[in-house]
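Number of protein chains: 4
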Amino acid sequence: MTYPMGPNRYGKSGIRLATVARDGDRHTFRDLDIEVRLEGAFEAAHVDGDNAAVLPTDTMRGTCFALARDGIDTVAGFARRVADRLLVASPAVRQVTIEVVAHPWERIEVDGRGHDHAFRPAPGGDQVIVLTQPRDQAPEIQGGARGVRVLKTTGSAFSDYLVDEHTTLPPTRDRIMATTVEARWGTTGPDVEHERLATAVPASFAATFAEHDQSESVQHTLHAMGSAVLDAHPELTWIRFRMPNEHHNLVDLSPYGLDNPNEVFVVADRPFGVIEGVVARDGVQPPELPG
Amino acid sequence: MTYPMGPNRYGKSGIRLATVARDGDRHTFRDLDIEVRLEGAFEAAHVDGDNAAVLPTDTMRGTCFALARDGIDTVAGFARRVADRLLVASPAVRQVTIEVVAHPWERIEVDGRGHDHAFRPAPGGDQVIVLTQPRDQAPEIQGGARGVRVLKTTGSAFSDYLVDEHTTLPPTRDRIMATTVEARWGTTGPDVEHERLATAVPASFAATFAEHDQSESVQHTLHAMGSAVLDAHPELTWIRFRMPNEHHNLVDLSPYGLDNPNEVFVVADRPFGVIEGVVARDGVQPPELPG
Amino acid sequence: MTYPMGPNRYGKSGIRLATVARDGDRHTFRDLDIEVRLEGAFEAAHVDGDNAAVLPTDTMRGTCFALARDGIDTVAGFARRVADRLLVASPAVRQVTIEVVAHPWERIEVDGRGHDHAFRPAPGGDQVIVLTQPRDQAPEIQGGARGVRVLKTTGSAFSDYLVDEHTTLPPTRDRIMATTVEARWGTTGPDVEHERLATAVPASFAATFAEHDQSESVQHTLHAMGSAVLDAHPELTWIRFRMPNEHHNLVDLSPYGLDNPNEVFVVADRPFGVIEGVVARDGVQPPELPG
Amino acid sequence: MTYPMGPNRYGKSGIRLATVARDGDRHTFRDLDIEVRLEGAFEAAHVDGDNAAVLPTDTMRGTCFALARDGIDTVAGFARRVADRLLVASPAVRQVTIEVVAHPWERIEVDGRGHDHAFRPAPGGDQVIVLTQPRDQAPEIQGGARGVRVLKTTGSAFSDYLVDEHTTLPPTRDRIMATTVEARWGTTGPDVEHERLATAVPASFAATFAEHDQSESVQHTLHAMGSAVLDAHPELTWIRFRMPNEHHNLVDLSPYGLDNPNEVFVVADRPFGVIEGVVARDGVQPPELPG
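Chains A, B, C and D supply the protein sequences, listed in that same order.
Taken in order, the first sequence gives residues 1 to 291; the numbers are from the working numbering.
Taken in order, the second sequence gives residues 1 to 291; the numbers are from the working numbering.
Taken in order, the third sequence gives residues 1 to 291; the numbers are from the working numbering.
Taken in order, the fourth sequence gives residues 1 to 291; the numbers are from the working numbering.
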């Protein structure tokens, strides 16, 4: 029997595109990982095997490379050009989504000066732009960050929590707190400088992570980070964090006749806590957490 | 300044729990990876650093291990016991979500017979149960599969698609089609035998993948797989697939003066197509695609 | 200042080559990951930037694809053809090494019968062939296996070991033993059926892993596995194993007032033990362990 | 039948140990991944299941944690203390090998100043120390680096190479060169400051990678890097590099009617070239390449 199609989409992932821009001898290197998704009237392809409306995913790749030839001034601007083109190319499409992860590189230092054309991966994580472009409507652009790993060796506690019969965790007023932040944020409108925010927002929340010295929990620090970001960046309407708790557990050295005054830790992989939350300006309706 | 918390949740990931059940000398081995999430009234923890309502994520781990002591008859049943317990333990909780990935093992064959207590990972991918348990309401249980890798060397075409100025892909009436299926399905109600479906549903869609010999696209086969599953398993109300197109590209051997009649392929990693879609019974409202 | 080159080699890794062979409607699918290395007189390339003797690594890729056009009867035979060709193509080469990892696929079962042209990854790990081909000498071919994951729920002990002031591990007479075997073996000569051994040797050592029921340690079982393989396969002169000890630790349920009679285990990732050893026939000089 | 044991060793991998040292409010954070290997008279464990001489791998873990309690002044010094202790603890041991990978962290910058106790992963790769300690002999200590990723957008060529019938690669006088360097080096003796070299050597070879502007190949740059390191660091007797060629291929935009003057590149994953080589001082006998 044949059944109707419910929600569906398709596209290309893992489009690894790099560009070199030249200002005389001084080069700029961009390194992008692009994902394209199309939603629209594609029932015939599924139900009847009729590909007449289907733009190949290989063409999405080609579109990205061809449009990159004009240079990538900003990632958000480039994403808009790709989305606009795909709406033209594929009449069946109702909405295009472009997600770009930019891997930042920094100049290799030689004789105390950043080199003109040699680079290494920059610290501080990757930058994310997610463009949602419905046909005949204004696009929505979210900014984000991935892989922002941070750790503090003091200024973090976890105590006075709910205890039941399965609770064995000892409370602590001084622990290592470590996480790899994934962040996503909404913005006020079309004139936002996403390129600047891509580095400024992570710098803001990493600084707050460092300075929030009476942290009672990952949740507590998450909220402080969100509040600091909204204070510092009026263009942001909300920010969402996903913060795994990368446990550094104090090693029990008493079997060896030793104390351990917060000096020796074992870095645990699994299991790990995960804290997710959105901090939003009053009156703003942020999106739900991802499923 | 302080800003209000929007949507938030927390929990434990990567709880790796294995059990051995003994029927005389014949052992059964279970190997689970469990994720727990709590949603509820946790604003005070975020905003004020007040942990009074916060059950530690370490306690969620402990709860899983303690409840496993009574045996794991079915994964869905175990997930319900854990969720029920956490609702009791944590009054602030509005909803518990338990996601279990079961890694299936099969008996090592010795002298033509499955061994009593020695195992190896079974082929065919992992099994998923996702339980959503709101306080004072019936739970929802979705089944799923991950990592179901399949490949066919003929019976797959892709041609007669939309062509624009960025399209260079040549059409083909005979190609390799390969994918690693991720599936999720909804069911009719509380008496569904999830344990049986966990192997029967992937067997159904893998067989259809194999037999669907006039495939015009991944989309076309996805719909055929969904239809076959709904035909074979009346307990399912909808099924969602995510199917990356793992490209095996015909190698151009003409530079070496050779033809290549569908014999030599290069296995490509990136970029890759991704096809997602839900097939649903008439009148059923399936969930949206995940964000 | 300029310094002399010491040992050096170069080549191509990650050549992902798949082939389809057709016996009427019944297809055979091969899926290989090939690594090529050349050693020889390449000082000028390093010291002077003179590429005259350097065959591009891209040409090694092309050579593999071109030679695959004649079909891949056996992996070892194909590796020999590639090595022979590279010795002809590159006069500076003193020795070619070809390492092939074959990913085995099995037929998808439909209506109780293996399908003609649809496949899924087979259980039991990958197959390895390492060919070392010096110019003007006989080649050496080693066979191997990777990723052979096995687990037993009883029949394994670890006790009566050396104890010092840093030893806290409790002895046990009944534990879970799990490992992912990596094996490599030497053979008697040119007429060995490597294709058959690639499945027969792992089957032998997995069966011994299962049956070796008075195991006192991973070391003890490693030696039993090696002895069984040498008994069963006269073509092998030695076999080397690398066996990580994938710890499944008994969970201490006493904080919850529960016992744990070998029923509930936590699967640990790190740290993990590693046991490596060679079992060899009398009078055979096996190679050293890899550095 | 029973066969003799050939070469064998055992130990613990993945010992993840972190320490915090305090100079008042200014903290120092160390993050180590330690691997221990013992070689010696362990035939009885393998052949007879006699564990009397076997120090558990869990004890090696315990030894690392216990000895870390005295602080880790230098990684090399800590490795020597662990090795010395294991020689005492396990009389059957002939040789101990300790390999430590140190993940470097840098201070998070807040208000233009490195924070006292908050850190993020530093750019530039990981640091390696490999100590080989035979009983009753002087130890050998090698230094190393892993994951030193570098890229240059010009100053690299590959042309005038050997061409055969399978060569299709076009020559280029201007390309992107990218690699992730893995390095290992030998030193003159016991008084070498390994801690300083761990950052100084990668800084040297990364600078040479940047400045070597008439690069004719990866081989050519490898040799220049090695020569520069030996010039700058008289304590080093040899240095070995493993440099994958991380291909950034110029995209052919001609199907879209566009040129591509070295501006748009596709980042390829596989296959990839691999160049390995040792640069040594005259008269020094460096070790062979690893198998």
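In this text, a Cβ means the ideal position worked out from N, Cα and C, and glycines have one as well.
Note that the structure is a prediction, hence the values are computed from the model and not measured.
- In this structure V88/B is exposed. Its beta-carbon is surrounded by fewer than 16 other beta-carbon atoms within 10 angstroms.
- With respect to the 9 Å criterion, F272/B and A183/B are not classified as neighbours on the basis of their beta carbons.
- Comparing alpha-carbon positions, the option among W105/B, R175/B, V47/B and Q142/B lying closest to Q214/B turns out to be R175/B.
- Within 9 Å of the CB of I34/D, no CB atom of chain A is found; the nearest one sits about 11 Å away.
- Taken through DSSP and simplified to helix, strand or coil, V54/A comes out as coil.
- Annotated three-state conformation of D23/B is strand, per DSSP.
- Of all residues in the segment 234 to 247 of chain D, none is placed with a Cβ closer than 7 Å to any Cβ belonging to chain A.
- Taking 8 Å as the upper bound for CB-CB distance, A52/B and L162/A are in contact here, some 7 Å apart.
- In this structure, A41/B sits away from R113/B, with a CB-CB distance that is not shorter than 9 Å.
- For G14/B and G155/B, the gap between their C-alpha atoms comes out near 40 Å.
- If the five residues before and after W238/A are omitted, its C-beta is found closer than 6 Å to the C-beta atoms of G186, V278, A280, V284 and P286, all from its own chain and listed in chain order.
- For P202/D, the enclosing alpha helix (DSSP H) starts and ends at H194 to E211.
- Distance from R149/A to T180/A at the Cβ level is roughly 4 Å; contact confirmed, criterion being Cβ atoms closer than 8 Å.
- Listed in chain order, the non-local C-beta contacts of P91/A below 8 Å within the same chain comprise A53, local neighbours out to five positions each way being set aside.
- Under DSSP, Q133/B forms a beta bridge with V96/B.
- By a beta-carbon distance limit of 8 Å, D31/A contacts A18/A. Their separation comes to about 5 Å.
- 9 Å or more divides the Cβ of D84/A from the Cβ of A102/A.
- Distance check between L230/D and each of P4/D, T208/D and H248/D places T208/D closest, using alpha-carbon atoms only.
- The DSSP-derived three-state label of T59/C is helix.
- If you ignore the 5 residues before and after L197/D, its C-beta comes within less than 8 Å of the C-beta of G143, W185, T187, H233, E235 and L236, all in its own chain and listed in chain order.
- Around the C-beta of N249/A, fewer than 16 other C-beta atoms lie within 10 Å, and the residue is accordingly described as exposed.
- Neighbours of D269/C in chain A, taken as residues whose beta carbon is under 7 Å from its own, are D269 and R270 in chain order.
- In terms of Cβ geometry, V36/B and L86/B form a close pair [threshold 9 Å].
- Taking a C-beta distance under 9 Å as the contact criterion, P290/B and P121/A do not qualify as a contact pair.
- For T153/A, the chain D residues whose Cβ falls inside 7 Å of its Cβ are V20, H27, F29 and H117, in order along the chain.
- The beta carbon of P171/D lies closer than 6 Å to those of S159 in the same chain, with the five residues before and after it left out.
- Along the segment 53 to 83 of chain B, the positions whose C-beta sits under 7 Å from a C-beta of chain A are A53, V54, L55, P56, T57, D58, T59, R61, G62, T63 and A66, read in chain order.
- Using a CB distance cut-off of 9 Å, V278/B counts as an interface residue toward chain A.
- For chain A, the residues of the segment 245 to 266 of chain B that bring a beta carbon within less than 8 Å of one of its beta carbons are N245, in chain order.
- Around the beta carbon of P261/D, a 10 Å sphere encloses fewer than 16 other beta carbons of the protein chains shown; the residue is thus reported as exposed.
- Of the residues H166/A, P7/A, A206/A and A145/A, the one whose Cα lies closest to the Cα of I129/A is A145/A.
- Sequence-distant partners of R81/C (beyond 5 residues in either direction) whose C-beta falls short of 6 Å from its own C-beta, in its chain, are L67.
- In the DSSP annotation of this structure, the continuous segment of the alpha helix (DSSP H) that includes R81/C starts and ends at V75 to A89.
- Contact with chain B is found for A89/A, since one of that chain's Cβ atoms lies less than 9 Å from the residue's Cβ.
- Under the Cβ distance rule, S204/A does not count among the residues neighbouring chain B, no pair being separated by less than 9 Å.
- Non-local beta-carbon contacts of T57/C in its own chain, meaning distances under 8 Å to residues more than five positions away in sequence, involve Y10, G11, K12 and V36 in chain order.
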